[in-house]
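K.L.:
Those letters in the sequence shown? Residues 0 to 172, by numbering that gives the first Met the number 0. Just so it is clear, CB atoms sit at the ideal spot from N, CA and C, and this is done for glycine as well. Just so we're clear, the structure is a prediction, and the values are computed from it rather than from any experiment.
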Amino acid sequence: MFFGKSYWKSTEYGIQREWLLTNGLGGFASGTIIGMNARRYHGLLVASLMPPVERFLILSQIHEDVITGNKEFHLAAFKTHDFVAHGEHYLEGFFYDYIPELRYRIGSIFINKKICLRNMKNQVAVVYKIRNHGLKSTIRLIPLVNFRNYHYLSKSQYMSFATEYSGRRMEIT
Numbered sequence: 000m001f002f003g004k005s006y007w008k009s010t011e012y013g014i015q016r017e018w019l020l021t022n023g024l025g026g027f028a029s030g031t032i033i034g035m036n037a038r039r040y041h042g043l044l045v046a047s048l049m050p051p052v053e054r055f056l057i058l059s060q061i062h063e064d065v066i067t068g069n070k071e072f073h074l075a076a077f078k079t080h081d082f083v084a085h086g087e088h089y090l091e092g093f094f095y096d097y098i099p100e101l102r103y104r105i106g107s108i109f110i111n112k113k114i115c116l117r118n119m120k121n122q123v124a125v126v127y128k129i130r131n132h133g134l135k136s137t138i139r140l141i142p143l144v145n146f147r148n149y150h151y152l153s154k155s156q157y158m159s160f161a162t163e164y165s166g167r168r169m170e171i172t
């Protein structure tokens, strides 16, 4: 299934179409076709700690910035009470064939983002494929990590996480 730019002529229109992945344990990943979390239940990893209940939002979103030359492009789409980030302006299409794939374009730079849940595990993989056609560029990934009951919203930062890097892989514990 493919959705092109005509499906998000506005942010309000784009958040009306949603996707869902499940992991077989009661956990899931979900969001909108423009990459914006529009519900408290949206996130890249909602883990069921006592399957099939006790669900907690672990990874809310990943904000991606592409840096080329002296310019930064923000791919994240999000909304707060007083600010809206329109990363969907760079979104070329949303493709769903068992896993969601968001396809971005910034000039001659193409970024494909796939979201995969591991079956029977509370694990998510977010895989990026970047084609920059020799143009010097950098992608900065900012994970928005949380640990809250998925029915409630976080009000303050009260947790700390350890981050490990190994080559092109990042693990947060």
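Quick one: is residue 86 buried, meaning 16 or more other Cβ sit within 10 Å of its Cβ, or exposed?
P.N.:
Buried is the call here.
K.L.:
Is residue 91 closer than 9 Å to residue 3 when the C-beta atoms are compared?
P.N.:
yes
K.L.:
Excluding the 5 residues flanking residue 62 on each side, which residues of the same chain have their C-beta closer than 6 Å to its C-beta?
P.N.:
75, 141
K.L.:
Report yes if the CB atom of residue 35 is closer than 9 Å to the CB atom of residue 67, and no otherwise.
P.N.:
No, they are not a contact pair.
K.L.:
With respect to the beta strand (DSSP E) encompassing residue 87, which residues constitute its N-terminal and C-terminal limits?
P.N.:
It is not in any beta strand (DSSP E) - residue 87 carries neither H nor E in the DSSP assignment.
K.L.:
Quick check on DSSP: helix, strand or coil for residue 166?
P.N.:
Coil, per DSSP.
K.L.:
Between residue 71 and the rest of its own chain, which residues show a CB-CB distance below 8 Å, the 5 nearest in sequence each way excluded?
P.N.:
So the list reads 64, 65, once near-sequence residues are dropped.
K.L.:
Does the contact criterion of 3 or more C-beta pairs under 8 Å hold for the stretch 113-122 versus the stretch 131-141?
P.N.:
no
K.L.:
Can you tell which of 103, 18, 56, 51 has the C-alpha that lies nearest to the C-alpha of residue 152?
P.N.:
56
K.L.:
Between 24, 169, 165, 161, which lies nearest to residue 124 when the distance is taken from Cα to Cα?
P.N.:
169
K.L.:
Please go through the same chain and pick out, in chain order, the residues whose beta-carbon is closer than 8 Å to the beta-carbon of residue 98, but skip the five residues on each side of it.
P.N.:
20, 113, 114, 115
K.L.:
Would you mind giving the Cβ-Cβ distance between residue 16 and residue 32, rounded to the nearest angstrom? I have them listed as a contact below 8 Å.
P.N.:
Indeed they touch by this definition, with Cβ atoms about 5 Å apart.
K.L.:
Just verifying my parser: in three-state terms, what is the DSSP assignment at residue 4?
P.N.:
helix
K.L.:
Ordered along the chain, which non-local residues of its own chain (more than five positions away) have a Cβ less than 6 Å from that of residue 59?
P.N.:
Excluding residues within five positions, the ones whose Cβ falls inside 6 Å are 42, 143, 145.
K.L.:
I need the DSSP call for residue 13, collapsed to helix, strand or coil.
P.N.:
For residue 13, the three-state secondary structure derived from DSSP is helix.
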